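Enquirer: Below: one structure in structure tokens.
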Amino acid sequence: MWNVTEETFEPQKQHHQETIFTIGNGYLSTRGALEEGYPSDSRATFLHGVFDDVPLVFTELANAPDWLPLQVYLNGERFSLDKGTIEHFERRLDLRTGVLTRTVHWRADSGVRATMVFERFASLADEHLLCLRCKVTPDFDGSVEIRASLNGNMDNDGFAHWHWVEQGERDGAYYLHTRTRNTEIDVLLAMRLFASSDSVQPEYWDAQNVPTVRMIFTASRGET
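See the structure below:
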């Protein structure tokens, strides 16, 4: 009763499912796009009061910089649902807690397999806080690499509302500062990446408008 569940992955229904699995807290909302991305997905986060002009037409909510990007590499092979084999898939939105959970058993074309669990939520206690957790359980020995990004290259059906202002690192947080083109509303996103092991240290990639943090773990079969 309190769960909305999807038990098979059907690419042709993804835009509809992205709407169904939207999360929000009254201040912002994020469509249920996949963290790792999918061809022709419709990624969007909208913030209350953040509007910008569309030439000759109207003013609209500006699609904010994307906080979701999280890439997983298994022995160097990128996890993506448009390749490899999906052995199990389930996505569930818990309407009590607001937590969206996705569980995937996936086999790469190379044969390596892993179970991945993605969880996300928009905090009600702190409306500016968004959380994402990824748990990877490999069925092999080797390496698991995680790349987390903030993507400022977002648009509304092809119209870009954002100017890049600056980005960088401060006290272990990585930030992206953007501004709407016409209404000149500043939006600043910052992220921290926490690992299950203190021995794994983040590596920062200063790609303009897409600040990215990478962590590489030693993978052991059956260990999350």
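Numbered per our numbering, the sequence shown spans residues 113 to 336. For every residue, glycine included, the Cβ atom is placed at its ideal position computed from N, Cα and C. Quick caveat: nothing in here was measured; it's all calculated off a predicted structure.
1) Going by the CB atoms, is the gap between PHE191 and GLY210 shorter than 9 Å?
2) In angstroms, rounded to a whole number, what distance separates the CA positions of THR290 and ARG204?
3) Roughly how many angstroms lie between the CA atoms of ASN263 and ARG245, to the nearest whole one?
4) State yes or no: is the C-beta of THR213 nearer than 8 Å to some heavy atom of the ligand MN?
5) Report the CB separation of ALA156 from LEU186 in whole angstroms; it is logged as a contact under 8 Å.
6) Exposed or buried, what is ALA237 when buried is set at 16 or more other beta-carbons lying within 10 Å of its beta-carbon?
7) I need the boundaries of the alpha helix (DSSP H) containing GLN320, first residue and last residue.
8) Would you give the residue range spanned by the beta strand (DSSP E) that GLU199 belongs to?
9) Taking the alpha helix (DSSP H) that GLU130 belongs to, which residues open and close that run?
10) Suppose contacts are defined by Cβ-Cβ distances below 9 Å. Is THR142 in contact with GLY136 by that definition?
11) With distances taken between CB atoms, is the gap from ALA176 to PHE163 smaller than 9 Å?
12) Would you mind working out which of GLU202, ARG208, LEU212, GLU231 sits nearest TRP218, comparing C-alpha positions?
13) By the 10 Å Cβ neighbour count, where 16 or more other Cβ atoms means buried, how is VAL224 classified, buried or exposed?
14) From PRO314, THR117, ASN321, MET327, pick the residue whose C-alpha is nearest to that of ASN265; which is it?
15) Please report the distance separating the alpha-carbon of ASP318 from that of THR330.
16) Between GLU122 and ALA145, which are expected to be in contact by the criterion C-beta below 8 Å, what is the C-beta distance as a whole number of angstroms?
17) For SER152, tell me which candidate among HIS200, GLY270, CYS243, THR215 has the shortest Cα-Cα distance.
18) Can you list, in chain order, the residues of its chain with a C-beta nearer than 6 Å to that of LEU305? Leave out the 5 residues immediately preceding and following it.
19) Using the rule of at least 16 other Cβ atoms within 10 Å of the residue's Cβ for burial, across every protein chain shown, is GLY196 buried or exposed?
20) Shortest alpha-carbon distance to GLU172 belongs to which of LEU300, ASP298, ALA302, THR292?
21) Taking the alpha carbon of PHE170 as the reference point, which residue from ASN294, ALA302, MET303 has its own alpha carbon closest?
Expert: Looking at the atomic coordinates:
1) no
2) 32 Å
3) 18 Å
4) No copy of the ligand MN appears in this structure; indeed no ligand is present at all.
5) Actually they do not touch by this definition, with Cβ atoms about 28 Å apart.
6) exposed
7) No alpha helix (DSSP H) holds GLN320; DSSP gives it neither H nor E.
8) 197-206
9) 126-132
10) yes
11) no
12) GLU202
13) buried
14) ASN321
15) 24 Å
16) Not quite, the Cβ-Cβ distance comes to about 15 Å (not below 8 Å), so this is no contact.
17) GLY270
18) ALA260, PRO314, VAL325
19) buried
20) THR292
21) ASN294
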